[in-house]
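Enquirer:
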């Protein structure tokens, strides 16, 4: 089921600029502030798997990067699924026996169970209680709950507030619509010299939750922004879609694109204080897996490399056995592992500018390797070529053979049998990727090497 | 030389009963007692590689399970070997100078070197001594010796007795026959829905030795008994044959059956106090190897998993390179590793009912996995299927995704590419096999999965 | 690019002599002395990558073993290289302002930068200084420098001497020629029953340096000497060539031979006190890699097994990706790792007879395994054959099954599926190679096994 790997040479891609030309700049110091401001702008929007909140979010993204928005009508098939009716919320509140609005979505988006069906009526607290959700362990926080697949309704509130509700009859208003409409996703496609693609995916369905996943939206947006003006080998495709059904819909609409995806990352939970986590693709040994492990190791930051498991974020879909795409997941704290996860405490204080900036920097470093990593083929495979007469080698022999670039050239030439990537050579040799890449560029310039599509 | 693996679907085998229906019951408490009683019944029989002792043993087994007995005439070829003449013993004794019978097979079967040729005569002790075998380190025990391939004779006795023999002339009577007859083996074949077979093999050639191998005979018999009345996927073939020449003869007579053997175990030495030992098949990574390692690990009992070595029991023959069958060896104390091995001290006290029962229980657990383990193929491999609308998934999202069966379903679906067995999924996921199996059954019922012959 | 492996049976090679007949004798005690004497004889010769010093060295080798000398004319192409002009030195000295010869190649070959172009003239010390090389850290030693690829000249001297030179005008005489001539290499080919080859390579271009690489020349020469009179399975090819350009030239002249090279070793730096180092071939898992690791382990001597890296000695060329030959490198102290390396302190005191002798002994042990290691195929693969009736097995059963040769026979028979080498069986079984080999010989004699070309 894996997309077949094209082995056509990418002749056009023998680096012709100066060595290291396609290396990306690091995240600029202070770039965390506009990302955090962007999270702040997006925080109040009432996102769900469909509806205006998603559209407004995509419009905000489109002010930073070129974005194509696709609307897929309710009822459209998406593999085993069907695009659901679109959800619209006008108002949603509960009035206590005294007529006071004690719970109101106007105060916090999490108060209404996401995708609640319309309801109006009165009922005693005892009856209402089964539709009220709280967190006894975290009595100040409002939980986040969804109810996509059953027409029903409910409210979330803090446990303290729940405890304080007086007995009596409550008036409930859930003025929502579940009706024919569409599911919305956005794509930012940045064409490269190659039609091979790098996929970056962030979900856009969580209302007023900051780390999960405004942080992912912001970092993905600013990553795309950093790639807009550079010379790209790969075509980059940023997907901003609702989780699960949104990504399933995207995959069903873009199935023909998937064989071109060479590397991919789901980005989520990248703004909190937690140590980094990289979850490998289902393949476990994809280039992107090696690259992220390398960048995190080189960073010296605390981190964990985790095997693939079939739950978490949208890598679940990209790595389903029928696609099995080389897509990993890049996070700080992982899905469900921190107390604030899926509660009102996942707010703009949990996400810090410096954490967003560090995450962006690691992704830029990773993309910088993605762009430059490749398999090389020596055009002079029998014996070492004479580096001296090409000006590639110190002309006087002696003790100075330890120089790194010269060693790197020997490594690259010896491994250039079309089987090893430059990053594999870097890891095996212990020489930094940048030096290995510069060596490959220098050798390619003299016609000793050609590169192949990885 | 490995049998080719059929990849035909076993459509008929999508479990149609309730989840876990083919799981076997545990060994019932107290079941060690009838097994020990069976050992006691078999203990006095004078077994050898041919002859009446084997026939009487098979008759006793046939009182518990359906058994087909095959007689292969002396002189029949069996690969590199020839079925030997049949051995019959009428009497065998030594009289001391005073005419007293000091050694007599009527007192202990081990006194006569097994397969001794007939002899009658008188000789001084000095001459007789070269034909008397004892254990100086264990002066009370009688050793067990055989002499299959040379027409000769000898006696075994305790070292204390040997020391006490007075000088003088001794009368020797070995009233045996080595004559045309046959080699006898028994088979209990329990047909399953599939013609693929599970082989269970125990040797039946040791006279008056309890752990090696009345324990194996008893546990194999009671294992067969437990399988008689259940609904079986596999066809089970229990082989009760003399060691080495008996199993070689069986293989030569049943060579056409061997390609159907999917899993197999040699059972021996399963009644003593020792920790468990599982010896892998020559392949080293057969399903049966994974299953036994898993069951022993889950048991929490002390055990060792050993690599294949080309000596030990009849796995030597099943795992010869021309067959290379997926057959391992299940034991407590191993071949030659305990002092009582091949001596009169390997008696009915060394073997305890509770040890037999525990061994049977581990084998039932193993067969229970053999029956249910399989490779699965998702019929909906692109993206996750919608479990909710099939009633397979909690209908309300939120924090309760940790439920085991749901995780198990996600694991099974993600791994259902026809390459992984359910046990491999259990091991990788850390979820118990039973839960993984139940998840697969639930998914198969809804048409999301099909199973293939492993 | 790997040479294809012939799988033709070597019927002619079923050992027909007594077991272990082709095992080589150990290095005879005292054999280090003639090797050290040979180093002493070769030490004064002014070797370089071309010229009379190489020819004189090859003549000296030819007094010990049959040697074919090849001259390749200057200007001949050798893959990416061209055979350089031949270098001839008549005299080379520096006179100080008082007219005294302060530096003179007649005193030490290292004084002249190797391959210096002709020059005559006078210049002040300040100008001369840029052409004078010394080792400030080792003020008594003369460094070794070369300048093959630029027509220039220079001198090497001790730092103490450099410091003591008075100011003033110096007269310089470099009376050399760089002119059409040839590059010279020698080969000792010892034909075996098979045309498959074992390559042993030592470089011959270093002037007055003892460990690097008179030790290699001496040990390779005496190794060849030990093989001259034995019955050989393989054809042995000893190559004595200048490093880099010499071996590249050899490969270009003998490219058609390379597919026959089954095993190979570069020998260098084998006379000093350092612990042994074996550097694996680029393949990493070649038979020769396994053999050297085994011999060093069995020796009990301190040693390190290193992965392949693309710098060091001439394994660089043999293991370039277009050849990728199974050639490792056998050394004591490695390339560049000891202070005396490439200085006048790498002299006849650094190299000791006992170290040379031990190196030769390890190589003889390795070749002894190379000659006997092979993949075996059982001609009786179904069940164990009856060893007893062939006189291969103890005729009385019982406790004596632990005998090593018998176990070795069972291992060899079980593994004789044409996939495993005898050394792999030795390592897996923990039984010594010699016993495993003897078992294989015994089994082959009875027609139970045949051997295949490894």
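Chains as they are written, first to last, in the numbering used here: chain C, 237 to 690; chain Y, 237 to 690; chain A, 237 to 690.
We put the CB at the ideal spot given by N, CA and C, even for glycine.
Note that the structure is predicted; figures quoted are calculated from it, not measured.
Mind reading off the beta-carbon distance from residue 360 of chain Y to residue 405 of chain Y? Whole number of angstroms is fine, and I expect it under 8 Å.
Expert: For the purposes of this step, residue 360 of chain Y is taken as residue 124 along the second chain, with counting starting at 1. For the purposes of this step, residue 405 of chain Y is taken as residue 169 along the second chain, with counting starting at 1. Indeed, because the Cβ distance is near 6 Å, the residues count as touching under 8 Å.
Enquirer: Would DSSP call residue 358 of chain C helix, strand or coil?
Expert: On the first chain, position 122 is the one that residue 358 of chain C refers to. Residue state, collapsed to three classes: strand.
Enquirer: Taking the alpha carbon of residue 555 of chain A as the reference point, which residue from A:515, A:377, A:586 has its own alpha carbon closest?
Expert: As a first step, residue 555 of chain A must be located in the third chain, where it is residue number 319. Nearest of A:515, A:377, A:586 to residue 555 of chain A, Cα basis: A:515.
Enquirer: Considering only residues of the same chain and omitting the five flanking positions on each side of residue 411 of chain C, which have a CB-CB separation below 7 Å?
Expert: Translated into positions along the first chain, residue 411 of chain C becomes position 175. Cβ neighbours of residue 411 of chain C beyond the five flanking positions: 326, 327, 328, 354.
Enquirer: Where residue 433 of chain A and residue 579 of chain Y are concerned, what is the direct C-alpha to C-alpha distance, given to the nearest angstrom?
Expert: Translated into positions along the third chain, residue 433 of chain A becomes position 197. Translated into positions along the second chain, residue 579 of chain Y becomes position 343. One C-alpha to the other measures close to 55 Å.
Enquirer: Does residue 533 of chain C pass the burial test, meaning 16 or more other C-beta atoms within 10 Å, or should it be called exposed?
Expert: For the purposes of this step, residue 533 of chain C is identified with residue 297 of the first chain, where counting begins at 1. With fewer than 16 Cβ atoms within 10 Å of its Cβ, residue 533 of chain C is classed as exposed.
Enquirer: Provide the residue span of the alpha helix (DSSP H) that contains residue 436 of chain A, from first to last.
Expert: To locate residue 436 of chain A, count along the third chain from 1; it is residue 200. Here residue 436 of chain A belongs to no alpha helix (DSSP H); instead the beta strand (DSSP E) covers 433-439.
Enquirer: May I ask which residues mark the beginning and end of the alpha helix (DSSP H) holding residue 276 of chain C?
Expert: Mapped onto the first chain, residue 276 of chain C falls at position 40. Counting along the chain, the alpha helix (DSSP H) containing residue 276 of chain C begins and ends at 268-278.
Enquirer: Does the distance from the CB of residue 271 of chain C to the CB of residue 458 of chain C come in under 8 Å?
Expert: Stepping through the first chain from its first residue, residue 271 of chain C is reached at position 35. Stepping through the first chain from its first residue, residue 458 of chain C is reached at position 222. Taking 8 Å as the Cβ cut-off, residue 271 of chain C and residue 458 of chain C qualify as a contacting pair.
Enquirer: Tell me whether residue 516 of chain C sits in a helix, a strand or coil according to DSSP, three-state version.
Expert: Against the first chain, residue 516 of chain C aligns to sequence position 280. Reduced to three states, the DSSP call for residue 516 of chain C is coil.
Enquirer: With residue 566 of chain A as the anchor, note down where its beta strand (DSSP E) starts and where it stops.
Expert: Locating residue 566 of chain A in the third chain gives position 330, counting from the first residue. Unbroken beta strand (DSSP E) run through residue 566 of chain A: 563-567.
Enquirer: Can you find the residues in the same chain that come closer than 7 Å, C-beta to C-beta, to residue 544 of chain A, ignoring five residues on each side of it along the sequence?
Expert: Taking the first residue of the third chain as 1, we reach residue 544 of chain A at position 308. Here the set comprises 515, 516, 517, 518, 520, 555.
Enquirer: Who are the neighbours of residue 639 of chain C on chain A, taking C-beta pairs under 8 Å?
Expert: Indexing the first chain from 1 puts residue 639 of chain C at position 403. Ordered by position in chain A, no residue passes the 8 Å Cβ test against residue 639 of chain C, which lies about 11 Å from the chain.
Enquirer: Following the continuous alpha helix (DSSP H) through residue 526 of chain C, name the residue where it begins and the one where it ends.
Expert: Position 290 of the first chain, counting from 1, holds the residue named residue 526 of chain C. 523-535 is the span of the alpha helix (DSSP H), which, as asked, contains residue 526 of chain C.
Enquirer: List, from N- to C-terminal side, the beta strand (DSSP E) runs of 3 residues or more that fit wholly inside the segment 284-346 of chain Y.
Expert: Fully enclosed beta strand (DSSP E) runs of 3 or longer: 304-309, 322-331, 337-340.
Enquirer: Would you mind working out which of A:653, A:493, A:391, A:482 sits nearest residue 420 of chain A, comparing C-alpha positions?
Expert: On the third chain, position 184 is the one that residue 420 of chain A refers to. Looking at the Cα atoms, A:482 is the closest of the given residues.
Enquirer: Taking the alpha-carbon of residue 610 of chain Y as reference, which of Y:331, Y:386, Y:675, Y:455 has the nearest alpha-carbon?
Expert: Position 374 of the second chain holds residue 610 of chain Y. Nearest of Y:331, Y:386, Y:675, Y:455 to residue 610 of chain Y, Cα basis: Y:675.
Enquirer: Would a check of beta-carbon distances place residue 557 of chain C closer than 8 Å to chain Y?
Expert: As a first step, residue 557 of chain C must be located in the first chain, where it is residue number 321. True, the Cβ-Cβ gap to chain Y drops below 8 Å.
Enquirer: For a contact defined as C-beta to C-beta under 9 Å, what are the partners of residue 614 of chain A on chain Y?
Expert: Residue 614 of chain A sits at position 378 when you count from the first residue of the third chain. Ordered by position in chain Y, the residues that pass the 9 Å Cβ test against residue 614 of chain A are 556, 557, 558.
Enquirer: So which residues on chain Y does residue 643 of chain A lean against when the C-beta distance must stay under 9 Å?
Expert: In the third chain, the residue the question calls residue 643 of chain A occupies position 407. Near residue 643 of chain A (Cβ distances below 9 Å), the residues of chain Y are 545, 546, 547.
Enquirer: Taking CB distances under 8 Å as the criterion, tell me whether residue 277 of chain C reaches chain A.
Expert: As a first step, residue 277 of chain C must be located in the first chain, where it is residue number 41. For residue 277 of chain C, the answer is no, since every Cβ of chain A falls outside 8 Å of its Cβ.
Enquirer: Between which two residues does the alpha helix (DSSP H) containing residue 648 of chain A stretch?
Expert: Start at 1 with the first residue of the third chain, and residue 648 of chain A comes out as number 412. 640-651 is the span of the alpha helix (DSSP H), which, as asked, contains residue 648 of chain A.
Enquirer: Nearest by alpha-carbon distance to residue 264 of chain C: which of C:490, C:280, C:598 is it?
Expert: Taking the first residue of the first chain as 1, we reach residue 264 of chain C at position 28. Comparing Cα positions, the closest option is C:598.
Enquirer: Nearest by alpha-carbon distance to residue 645 of chain C: which of C:667, C:655, C:340 is it?
Expert: Reading the first chain from its first residue, position 409 is the one you call residue 645 of chain C. Selected option, being the one with the closest Cα: C:667.
Enquirer: Checking the sheet assignment: what are the DSSP bridge partners for residue 464 of chain Y?
Expert: One-based indexing of the second chain puts residue 464 of chain Y at position 228. None; residue 464 of chain Y has no bridge partner.
Enquirer: Go to residue 506 of chain C, then tell me how far its alpha helix (DSSP H) extends in each direction, as first and last residue.
Expert: Taking the first residue of the first chain as 1, we reach residue 506 of chain C at position 270. Note, residue 506 of chain C: premise wrong, no alpha helix (DSSP H); not H, not E.
Enquirer: Over what stretch of residues does the alpha helix (DSSP H) that includes residue 666 of chain A continue unbroken?
Expert: Here residue 666 of chain A corresponds to residue number 430 of the third chain, with the count starting at 1. No alpha helix (DSSP H) contains residue 666 of chain A, which DSSP labels as neither H nor E.
Enquirer: Report the residue from A:451, A:628, A:333, A:439 whose alpha carbon sits nearest the alpha carbon of residue 680 of chain A.
Expert: Translated into the one-based positions of the third chain, residue 680 of chain A becomes position 444. Taking only the C-alpha atoms, the option nearest residue 680 of chain A is A:628.
Enquirer: Report the neighbours of residue 624 of chain A on chain Y: residues whose CB is nearer than 9 Å to its CB, in chain order.
Expert: For this step, residue 624 of chain A is matched to residue 388 along the third chain. Within chain Y, the residues near residue 624 of chain A are 384, 385, 386.
Enquirer: Please state whether the Cβ-Cβ distance between residue 316 of chain Y and residue 621 of chain A is less than 8 Å.
Expert: As a working mapping, residue 316 of chain Y is identified with position 80 in the second chain. As a working mapping, residue 621 of chain A is identified with position 385 in the third chain. Result yes, Cβ atoms of residue 316 of chain Y and residue 621 of chain A sit closer than 8 Å.
Enquirer: Using a Cβ-Cβ cut-off of 7 Å (strictly less than) and excluding sequence neighbours within five positions of residue 402 of chain Y, which residues of its own chain qualify?
Expert: Translated into the one-based positions of the second chain, residue 402 of chain Y becomes position 166. Once the five neighbours on either side are set aside, the close Cβ partners of residue 402 of chain Y are 332, 333.
Enquirer: Have a look at residue 614 of chain C and residue 658 of chain C and give me their C-alpha separation to the nearest angstrom.
Expert: Residue 614 of chain C sits at position 378 when you count from the first residue of the first chain. Residue 658 of chain C sits at position 422 when you count from the first residue of the first chain. Straight-line Cα distance between these residues: approximately 13 Å.
Enquirer: Could you give the uninterrupted runs of the alpha helix (DSSP H) lying entirely in the segment 364-406 of chain C, keeping only those of 4 residues or more?
Expert: As far as the segment 364-406 of chain C is concerned, its whole alpha helix (DSSP H) runs of at least 4 residues are 395-400.
Enquirer: When the cut-off is 8 Å and only beta carbons count, does residue 553 of chain C lie next to chain Y?
Expert: Along the first chain, one-based indexing puts residue 553 of chain C at 317. At least one chain Y Cβ lies under 8 Å of residue 553 of chain C.
Enquirer: Suppose you measure from the CA of residue 655 of chain A to the CA of residue 687 of chain A; what does that come to, to the nearest Å?
Expert: As a first step, residue 655 of chain A must be located in the third chain, where it is residue number 419. As a first step, residue 687 of chain A must be located in the third chain, where it is residue number 451. Roughly 11 Å separates the two Cα atoms.
Enquirer: Does the ligand HEM have a heavy atom nearer than 7 Å to the CB of residue 322 of chain Y?
Expert: The ligand HEM is not part of the structure shown, which contains no ligands of any sort.
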